[in-house]
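Numbering (the UniProt record's numbering), first residue to last: 1 to 478. A virtual CB, placed ideally from N, CA and C, is assigned to each residue, including glycine. Structure, as structure tokens:
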């Protein structure tokens, strides 16, 4: 690495650190040279690009993926032209029935019934079980409001709701909890692989009342899949201790998973789950349309729905008319009962997931080969630290070596930033997925003085979270 390359990387880090804390850039794993070669003037502008654009036209594992994926997207977005023509006099117009018009909700119902074998439906004269939102993050926001409302209905206004958050976990939900003034109990893992387990719940003292839990069956940031029996045991123990608690399952990656039917199959096996569980879904990952902003809550809960439905009935809560049209095109076979096309769409989802996993494998192999001295010899979060092939997702959290940590100390940056400065491979310190400055600033962490929590947060600094969802895999020499 030349001095000039390192200077450019430091310049990029300095320009982004105020926005993204200690992260060198928000867009993981894209080097400065790769970004500029693709025509982006800055790293931030690349975030919203469509994944399919980075798929090689001659991908050796799936040579037709780019064409098939593009065909699906083009067919869906053709619907937008007509909607924009109708909306041109009032381009910000929204469908007043913002809890989701019947055809779109029927499409989401068919999607879950067909692919996952779980039935949700919006019936006449009954509260909705499927509520459509302007993206998965808005669905999460509504879920948190539903938990807060349920607490007020149960005990009144004496204090805010308390969320139980097994860490590491995605940072956006923590931001939303902090913005809503919720208390949080951070639950550090007891296992080296950092998967939450029912045994971890013993850390919560008897005098702490939990109102809600945020969980991901496929974790972001670690990329690990939580075995369904382990997830169910965790939920069971939560409900045994706090029968009133709401459980948010952020399931946006589930339908990309090769064992998609298994991950939530336990949901119908105990009536407690119907009343307690809120499931969040999105098309962003499964269809590669991050900018589309289409999300949904699926639930049968009567106690958690009140706040969610009232929020959804706000005129700006649902997706715009144009986006509803695109959603309908993407999900049409599930609404129409076209089993052949639905099967094709499910297979395309899995091919997209497999392609993301292939990127992950190739890029990790290249990174470990080129910069092996910066990685620790022990890699507890990587299920396959030699072949890097796994069913998980586009994320990975390698543990950095003592040498990398020493470089970080010398430069007064985090190990993840030191790794970026040495390699050009940018990621986020895992520590950022284990804490939130707004929680700490306002004293919202119930166990903020826990020595175990502080020790785990410090250990998490030695890991870097990489994302390969929008990074092309390296091309092999002919």
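Straight-line measurement puts the Cα of residue 286 at about 17 Å from the Cα of residue 64. DSSP lists no beta-bridge partner residue for residue 228. Boundaries of the beta strand (DSSP E) harbouring residue 278: 277 to 282, taken from the DSSP string. Residue 104 sits in a helix when the DSSP states are folded into three classes. In this structure, the straight-line span from the alpha carbon of residue 74 to that of residue 170 is close to 31 Å. In the displayed model, residue 358 falls within a helix according to three-state DSSP. Note on residue 220: 16 or more other CB atoms within 10 angstroms of its CB, so buried under the neighbour-count rule.
Under the DSSP definition of a beta bridge, residue 463 partners with 399. In the displayed model, residue 346 falls within a helix according to three-state DSSP. With respect to the 8 Å criterion, residue 114 and residue 168 are not classified as neighbours on the basis of their beta carbons. Within the DSSP secondary-structure output, residue 214 pairs in a beta bridge with 248. Three or more beta-carbon pairs separated by less than 8 Å link the segment 362 to 380 to the segment 391 to 401, which places the two stretches in contact. Per DSSP, reduced to three states, the secondary structure at residue 133 is strand. Taking a cut-off of 8 Å on C-beta distances, the segment 359 to 371 touches the segment 391 to 398, as three or more cross pairs fall below it. Shortest Cα-Cα distance from residue 225 to any of 240, 241 and 197 involves 197.
Within the same chain, 127, 128, 146 and 299 come within 8 Å of residue 305 by CB-CB distance, once the 5 residues on both sides are set aside. Shortest Cα-Cα distance from residue 292 to any of 265, 313 and 329 involves 329.
The residues 218, 285 and 393, in chain order, have a CB closer than 7 Å to that of residue 253 in the same chain once the five nearest residues on each side in sequence are set aside. For residue 194, there is no enclosing alpha helix (DSSP H), since its DSSP letter is neither H nor E.
DSSP, read as helix, strand or coil, puts residue 222 in coil. Cα atoms of residue 312 and residue 131: separation of roughly 7 Å, rounded to the nearest angstrom.
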